[in-house]
Every structure is written in C-alpha cells, then in structure tokens.
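Trainee:
Chains as they are written, first to last, in our numbering: chain A, 165 to 519; chain B, 9 to 431.
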C-alpha cells in the first residue's frame, strides 16, 4: 500500500513539473491534449471497462457539451454561466442517451449508441442557425479562474492537470465504491445480480451518467483548447478513436485509458510530424531512417500496426499486458533463484487490480 | 608564410577575373541583411495526406515541391527549409499542426490549409501569432465580412468563379431557368449563392436548389427532381463530379450543365468519359492557358510526378510565387511579420500559371476567370478530353460587378441566401 502511495505521489509530481522540464510550448500543448483525451477515455472506460457496455456514440455526447459551451459563449454569456450550463446540457443529453440505449445491451447497445451519435453529428452539421454547420463556431477567450489566465500554454496545462487528477480520483472512488462493485457485477452476471435484488438498469444508468459527466468535461476542455468546434469532432471516427484509446490501454483499469490516450495523441500529432534527414548514398542507418520516415508519414498505418501488435501480444491492453509480462519475468527470475534456499522473494506487487 | 603561398598560387589574371566576378555578384545580388542570409527561410505547408481529402492535399504538396525544385530551394535570395504537416483533414488536427509549424518549427509563412473548416479552426490562432498564411480554402467571409489581416488568398473565394459563370450562363448560353445541385456544405452554399446572384442579375432564374449530402452513394433521387428547367448548375467537389455526371447521363437528361472550379478540374479529365463532353466550367486556373508561366509549370509537373496538374497544384505553385516575390519585396527579411505581410499584399505578378494576379485591400486575389468547355479537340499530354477555353473574364474581383459596399451589405451566401423567388 505504501509503495503504491509513493508511486502516486511521484506520478503527480512528475505531471506537475512537465511544463518545467519540456519548456517548448508545442510539447506543453501536446501534454494538455493527452490529459484532455485521457479524461474522455476515462469517461468511456466507465462504460466499456466496468459496465461492459461498448458505446460508439460518445463523441456525440462530447459534442453536445462542446457545442453548448461554444454557443453560449458566442451568444455573449460569461464563462461562469457557460461552463455549468454546458455540463448541465451534457448531462441532460446523457440521460436521454442512456434512457434510449440501455433498453438493450451487447451488439444492440453498440448500434443504438452509434445511431444516437450520428444523429447528434447530423444536428451539428445541419442545424446551421445554431451550429454554423461545417464552418463551426469560434471561441475567442479562455476563462481566467481566480485571476489566473488560461490563455498561456502552461496555464492551460495546469488547469487541465487539476481537472484530470480530479477525474482520475473520482473514477477510482467510483470504481471502489459499492456502486462500482455492483456495476462490475452487472457486467459479469446481470441476471444473477437481478435475482439478488440489484436494480441492474439503475446501476447502469448511474454509470452512464458518470461517464457522461467526464465526457462533457472533456468536451468543454476541448473547446477551450482548440478555441473552435465543428462537426468533425463529433464524427464516428472520433468515437472509434476514443474506444481505441480505452481498449489499447486496457479497458477496466484506471491507468489504461490514460496510456491509450497518450499513445493515440502522440502518434497522431508528434510522430506524424517527425522526419529524419536521409543522406543520399544510403547506408544501413539511412535505410532504416528512410523506412521510418515512410511510416511516420503514413501515421494512421503505424497506429493501425501498433493496435494489431497490442491485440496479438497484449489482448488485455497495454497496462494489464505489461503487468502480466513483468510478473512473468519476475517469476522466471525467482525460479532460477529458488534453487538457492534462502531467496524466497515475496510475490510481485500488483499495480492494477482487474476487478 | 600563408601570404606567400596565396600570392604564388593566384596569378594576376585570375585575381582580376575573380575580383570582377565578385564585384558583379555583389552589385547584382539583392541586398539582404546579413542575419537573414545565414538562416534559411522556413516555409510551412498544412495539407491533407490521409483521409478522404488526400487526393487534393497530395497535389498541393506536389505544387510546392515543383516550385522549390525549379528554384533550387531558394526564395528571395534565401535558402528554403520546407516543412510539410498532415492535418488529417480535421479542424483539431489543423490547429495542432499549425502550432507545430509555428511553435516548434518556427516557420516564416504557412501555405494551406485545404478545407474551409480547417482554416476557420486556425483563423484566430494565425491572427494572434501574426503568421502570414496563404490558404487555398475558399471560405468567402474570411476576406469579406470577417477579414484576417494575416491571411492572403491567391486562389479564389467560393463564389468568385461562379459569379462569372452565372453571367456567362445568362448572357451567352442564354439559359433562362436553372436547377442547382451541390453538396450540402458551406463551399456548396457559397458557390451556388454566387451563381444565383449573378445569374438572376442578368435575367436568369434559379428554379430549384438541391443539396445532396457529401457522401451520397446514388444521385438518382436527386437527378429525378431536376425538371422544369433548361440548364443545370452543379458544384460538386473531389471525385463526386465524376459520379454525378455519369448518373446524369445515364438518366438520359440532356440539359446543358455548367459548373465551377472543382466540377471540371483539369486533374479529373483523365477519369471523365464521354458523359462530360459539353460541360462548361468557370475556373481561376486552366491547363489550356498557353503562356510561358503555365507551360513551364505543367512541364515540370509532368517531369516530376508524371501527372497533369489541376487547380490544387496550380494554387500552391502560385502561392509559392507570391511568397517568393513578397520575400524579395521585403529585402529577404521575413522577421518583421507586419512588414513581410505588407510586402506579400503588394505582390502583383504578370505570368503565373493562371495569368496575372494582384490583391485587393481585403487580401483576396484579383485575377482571370476562364470559361472552358470539355471536348476532344486540342487534347494534350495523353488526355482524351480537354477543357478548351471559350471566354476569359479578366481581372475578376471577389465582388464581381457589384460595388464592394453593396456586396458586403448582404449576408454571406448561404443555403437560404439569396432566397428562392418566383420568377
């Protein structure tokens, strides 16, 4: 337990000093994006990982809050009004979403969420008097809570980090609460849970609302980060990307979605822009660089290859997969040691409990 | 010791010739500041190399590279460092990549992005960063009612080519009643708004406007609604015009069809069949233009990429010409963004691939619009079809024939403006 506490403190300190270590504005912005998408992935993970309900429409919910805040700001309201109102509207949309989608589970649930997400995308695209359609809505100012302006990259990173830590903490509390345990129960044995007197629908509904809350918050951060929102942010590909973050990192773990978000954002934004200089008479090193350049340029191919590799080698996701491999390595090391009598090491600490 | 060595190895004649050559170079070379000489000029491109918009995006990069190769990677007397970034065709990607170019790569100018929503997403940012940007995106309002002082458009607004098309359709093709059909997005609205306004000004009448979604597998239900007219105006983009024209011909419709710059782009000619014969288009660039500037551009494109250029490649090549001339005008110094921008705005070129261009005070191009008709006659470069120029409207501004004040007093062209009226 103490080892774990130390790890948490070290991680928080590490995240806080990020903008002091990498001073370049561009990378601080990338770090902000990772945190923002990590909140989105954490929200989606509540459904995918703990409730066993795969949603393909979460970008729609994300978009409702985004458009709400952008519309209210464009209409002249202040940040203090726009943000709570957008969260409220996001939650309302989530309730409607949940009420409709939770009539089903499994594949039907996926299809319903997909359809609902597409409806919201269609609204964003076609309800031009409100959303400006394809041209989107520009937001010109970022808020300045307690007199601290978020207009600088570092200020925005700090604010996002605070919200991110709150999101992680609330997810941890939610998962460890009796409600979280009951939710996992409805995932594994819904009928038995029902027989035991649990209200399966209500438990799932609560999980959906919590997921919607995190999603709405990330949507609002997205608008403030980009200072712009247009229908592309709500498209099916955005929902699928969120799902890939959760699954590649490890669904049903707290750290997994964060790692997945970092993976996707880094490949999409940083790796896609990397280029090595290749000298013209190609040596072996140059040939490697040449191939890497090609991969970087076709970054979605690279991302796809990484996902395939994850599915093949760590089907449970990067975080649980690495834990498993590390544990296996530890065990092999121990076995060779156990030939000598005194070296009975304690079993490896489990960083993430699956359930 | 070294002096003796030098003195011995260089004869008087060589010395004389060397001095003369040095003096000539020193006198004729552009006077550029020493600092600017040392650091290369950084040229950034925002394009789309992945996803559905990639075809145009790749042509954009080819246009830039063709120019750079031709000039041996120099602009305004400075070595050019070229950085290309792939936005993936979405606004968030455009924002991140613009930040990458500005903050990490510290570019001096941005070329691109391609789509209007990408430009809208970075519009505030480039203004805040004072980053000179030469975009291909056609969004009308960014050089009209919401001008951005750091944005320069050497291509055209969405409606710039369609307004002459409206005039031509009414006065020369003598069309009276036209049905318009275009994708349901801002570029489509602004194209058809421009067509309708100009066409109705000269006595024509738009009887119906059809808006199929961008991804429409089958246009038949829309084509079935085309009736009660004597002409059709389509404004499709990407590969959609190919499918539309095919289905239009299959449906047996014979009304003449007119279109804008994307509907009959020269890069589409190799994919069109007989169904496109007779298609009349208005475009700021035409492959058919027989000028030194265009012939050089086309032959370089064929040599480098073995491909016939269209509007996207030409647009970026022209953007490069503007940057080059602007950098020369600023004495090779791009460090003062305001001065550099002023120099870019003041550029006026006579022999670009699209002919002469200059800029209005809102930073939009004034240039020729070519009316072309597709036929077999005159086809070159292994093509079977050819866009033959049948009329040139010279020095067309984004306001067409209206005074600027009057034009800007209207709302921006949209799905509902100008409204459909009984006529």
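Cβ atoms here follow ideal geometry from the backbone N, Cα and C, with glycine treated the same way.
1) Would you say residue 464(A) lies against chain B (beta-carbon separation less than 8 Å)?
2) Measuring only the C-alpha atoms, how far is residue 222(B) from residue 184(B)?
3) CB-CB under 6 Å to residue 193(A), same chain, minus the five flanking residues each way: which ones, in chain order?
4) Is there contact between the segment 342–352 of chain A and the segment 364–377 of chain A, where contact requires at least three CB pairs shorter than 8 Å?
5) Would you say the segment 223–239 of chain A touches the segment 379–399 of chain A, given that touching needs at least three Cβ pairs under 8 Å?
6) May I ask you to list, following chain order, the residues of the segment 268–296 of chain A that have a beta carbon less than 7 Å from some beta carbon of chain B?
7) Among residues of its own chain, excluding the 5 on either side of residue 149(B), which ones have a beta-carbon nearer than 8 Å to its beta-carbon?
8) Give the residues from the segment 373–406 of chain A that approach chain B closer than 7 Å (Cβ to any Cβ), ordered along the chain.
9) Taking DSSP as the reference, what is the three-state secondary structure of residue 220(B)?
10) Since residue 353(A) meets chain B, which of its residues come closer than 8 Å, beta carbon to beta carbon?
11) What residues in the segment 48–67 of chain B have a beta carbon less than 9 Å from any beta carbon of chain C?
12) Three or more beta-carbon pairs under 8 Å between the segment 201–209 of chain A and the segment 413–430 of chain A, yes or no?
13) Where does residue 175(B) land, buried or exposed, given buried means 16+ other C-beta within 10 angstroms?
14) In whole angstroms, what is the alpha-carbon distance linking residue 242(B) and residue 180(B)?
15) Answer yes or no: does any C-beta atom of chain B fall closer than 8 Å to that of residue 436(A)?
16) Just verifying my parser: in three-state terms, what is the DSSP assignment at residue 362(B)?
17) Counting only C-beta atoms, is residue 132(B) closer than 8 Å to chain A at any point?
18) Determine which residues of the segment 302–318 of chain A have a Cβ less than 7 Å from any Cβ of chain B, and write them out in chain order.
19) Mind checking residue 432(B): buried by the 16 CB within 10 Å criterion, or exposed?
20) For the candidate residues 215(A), 178(A), 171(A), whose alpha-carbon lies nearest to that of residue 372(A)?
21) Could you confirm whether any beta carbon from chain A is found closer than 8 Å to the beta carbon of residue 112(B)?
22) Which residues, in order along the segment 405–436 of chain A, keep a beta-carbon less than 8 Å from a beta-carbon of chain B?
23) Could you tell me which of 79(B), 133(B), 237(B), 116(B) sits nearest to residue 392(A), measuring between CA atoms?
24) Which complete beta strand (DSSP E) runs does the segment 327–395 of chain B hold, if anything under 3 residues is left out?
25) Cα separation between residue 429(A) and residue 177(B)?
26) Quick check on residue 220(A): does DSSP put it in helix, strand or coil?
27) Count the CB pairs spanning the segment 301–310 of chain B and the segment 63–76 of chain B that are closer than 8 Å, and state whether there are at least three.
28) Provide the residue(s) that pair with residue 410(A) in DSSP beta bridges, ordered along the chain.
29) Counting only the same chain and skipping the five closest in sequence on each side, list residues whose C-beta sits under 6 Å from that of residue 180(A).
30) Where does residue 457(A) fall in DSSP's three states?
31) Is residue 98(B) close to chain A? Criterion is C-beta to C-beta, closer than 8 Å.
32) Would you decide whether residue 328(B) is buried or exposed? Buried here means 16 or more other CB atoms lie within 10 Å of its CB.
33) Measure the C-alpha to C-alpha separation of residue 272(A) and residue 256(A) and round it to an integer number of angstroms.
34) Can you name the start and end residues of the alpha helix (DSSP H) that residue 198(A) belongs to?
35) Anything in chain A within Cβ reach of residue 90(B), meaning under 7 Å, just list it in chain order.
36) With a threshold of 7 Å, establish whether the CB of residue 205(A) neighbours any heavy atom of the ligand ZN.
Mentor: Concretely, from the data shown:
1) Numbered from its first residue, the first chain carries residue 464(A) at position 300. Yes, residue 464(A) lies at the interface with chain B (some Cβ there is under 8 Å from its Cβ).
2) Within the second chain, numbered from 1, the residue matching residue 222(B) stands at position 214. Within the second chain, numbered from 1, the residue matching residue 184(B) stands at position 176. Distance from the CA of residue 222(B) to the CA of residue 184(B), rounded to the nearest whole angstrom, comes to 28 Å.
3) Taking the first residue of the first chain as position 1, residue 193(A) is located at position 29. Cβ within range, chain order: 317.
4) Remark: three or more beta-carbon pairs, one from each stretch, lie closer than 8 Å, so the segment 342–352 of chain A and the segment 364–377 of chain A are flagged as touching.
5) yes
6) Listed by position along the chain: 292.
7) As a position in the second chain, residue 149(B) is number 141, starting the count at 1. Here the set comprises 420.
8) 390, 391, 392, 394, 396, 397
9) As a working mapping, residue 220(B) is identified with position 212 in the second chain. Here residue 220(B) sits in coil by DSSP.
10) Counting from 1 along the first chain, the entry for residue 353(A) is found at position 189. Result: empty, since nearest Cβ-Cβ is about 40 Å, beyond 8 Å.
11) Among the protein chains of the structure shown, namely A and B, there is no chain C.
12) At 8 Å Cβ cutoff, the stretches touch.
13) On the second chain, position 167 is the one that residue 175(B) refers to. Burial call: buried.
14) As a working note, residue 242(B) is residue 234 in the second chain. As a working note, residue 180(B) is residue 172 in the second chain. Their backbone Cα atoms lie some 18 Å apart in a straight line.
15) Here residue 436(A) refers to the residue found at position 272 of the first chain. Closer than 8 Å to some Cβ of chain B, the Cβ of residue 436(A) qualifies, so yes.
16) In the second chain, residue 362(B) corresponds to position 354, counting from 1. If DSSP states are grouped into helix, strand and coil, residue 362(B) belongs with coil.
17) Reading the second chain from its first residue, position 124 is the one you call residue 132(B). Closer than 8 Å: yes.
18) 302, 304
19) Absent from the model: residue 432(B). The displayed extent of chain B is 9 to 431, so no value can be given.
20) Residue 372(A) sits at position 208 when you count from the first residue of the first chain. 215(A) is the residue among 215(A), 178(A), 171(A) whose C-alpha sits nearest the C-alpha of residue 372(A).
21) One-based indexing of the second chain puts residue 112(B) at position 104. With 8 Å as the cut-off, residue 112(B) counts as an interface residue toward chain A.
22) Residues of the segment 405–436 of chain A whose Cβ lies closer than 8 Å to any Cβ of chain B, in chain order: 432, 433, 436.
23) For the purposes of this step, residue 392(A) is identified with residue 228 of the first chain, where counting begins at 1. The residue with the shortest Cα to Cα distance from residue 392(A) is 133(B).
24) 357–360, 363–367, 373–383
25) Translated into positions along the first chain, residue 429(A) becomes position 265. Translated into positions along the second chain, residue 177(B) becomes position 169. Taking the straight line from one Cα to the other gives about 49 Å.
26) Residue 220(A) sits at position 56 when you count from the first residue of the first chain. Coil at residue 220(A), not helix or strand.
27) yes
28) Taking the first chain and counting its residues from 1, one reaches residue 410(A) at position 246. BP columns for residue 410(A) are empty, so no partner.
29) Looking up residue 180(A) in the first chain gives position 16. Here the set comprises nothing.
30) For the purposes of this step, residue 457(A) is taken as residue 293 along the first chain, with counting starting at 1. Three-state result, residue 457(A): helix.
31) Numbered from its first residue, the second chain carries residue 98(B) at position 90. Judged by the 8 Å Cβ criterion, residue 98(B) is in contact with chain A.
32) Working through the second chain from its first residue, we reach residue 328(B) at position 320. The residue is buried, with at least 16 neighbouring Cβ atoms inside 10 Å.
33) The count along the first chain starts at 1 and reaches residue 272(A) at position 108. The count along the first chain starts at 1 and reaches residue 256(A) at position 92. Looking at the two C-alpha atoms, the distance is approximately 22 Å.
34) Working through the first chain from its first residue, we reach residue 198(A) at position 34. For residue 198(A), the uninterrupted alpha helix (DSSP H) segment begins and ends at 189–209.
35) Counting from one through the second chain, the residue named residue 90(B) turns up at place 82. Chain order gives no chain A residues near residue 90(B), where near means a beta carbon separation below 7 Å; the closest approach is about 10 Å.
36) As for the ligand ZN, it is missing from this structure, which has no ligand bound.
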